[in-house]
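Read through the structure below, which is laid out as structure tokens, and then see the notes.
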Amino acid sequence: MHGEARPEDSRFASADMAVSKDLVYSDAALEAVQRLVAIAEETGMSMPTLALAWVLRRGEVASAITGASRPEQVHANAAASGVQLSDDVLAAVDQALGDVPVTKPTLATSALPGVKHR
Numbered sequence: 001m002h003g004e005a006r007p008e009d010s011r012f013a014s015a016d017m018a019v020s021k022d023l024v025y026s027d028a029a030l031e032a033v034q035r036l037v038a039i040a041e042e043t044g045m046s047m048p049t050l051a052l053a054w055v056l057r058r059g060e061v062a063s064a065i066t067g068a069s070r071p072e073q074v075h076a077n078a079a080a081s082g083v084q085l086s087d088d089v090l091a092a093v094d095q096a097l098g099d100v101p102v103t104k105p106t107l108a109t110s111a112l113p114g115v116k117h118r
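Here it is as structure tokens:
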């Protein structure tokens, strides 16, 4: 939650996540997430279900790479594949996100422009 310390045993608290934190962890992103939490609650979905359903409905996305550390997360991920988001929910998500998402190619900290990483 916004304003709360990350649990010490979470993956996001790990030093290995430093590159990802630099790309996505900001006050603006956390505020957008809180707006999305409200939308998920209003629709009766969990945040992971809303997020995965949103990603999967995008035509430019061939597949979503998901992770799970518990069996119930695997089941929730699979269930999200059948969720159809209404136009009203999609509009609410777009409004909640505003200009927070990364909308253009963004190099990771360790990547060099013009270098093809394989």
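In the numbering used here, the protein residues as written are 1 to 118. From the three backbone atoms N, C-alpha and C, an ideal C-beta is built for every residue, glycine too. Computed from a predicted structure; not experimentally measured.
Among residues of its own chain, excluding the 5 on either side of residue i, which ones have a beta-carbon nearer than 7 Å to its beta-carbon?
i: residue 76; result: 46, 48, 49
i: residue 29; result: 100
i: residue 61; result: 55
Could you check which residue in the options has the C-alpha nearest to that of residue i?
i: residue 44; options: 94, 95, 80, 7; result: 80
i: residue 51; options: 13, 70, 7, 85; result: 85
i: residue 34; options: 111, 110, 114, 96; result: 96
i: residue 58; options: 83, 111, 13; result: 83
i: residue 40; options: 113, 90, 98, 111; result: 90
i: residue 38; options: 93, 110, 114, 112; result: 93
i: residue 54; options: 71, 112, 87; result: 87
i: residue 98; options: 32, 110, 42; result: 32
i: residue 110; options: 9, 8, 16; result: 16
Classify residue i as helix, strand or coil using the three-state DSSP reduction.
i: residue 66; result: coil
i: residue 95; result: helix
i: residue 111; result: coil
i: residue 61; result: coil
i: residue 41; result: helix
i: residue 71; result: helix
i: residue 88; result: helix
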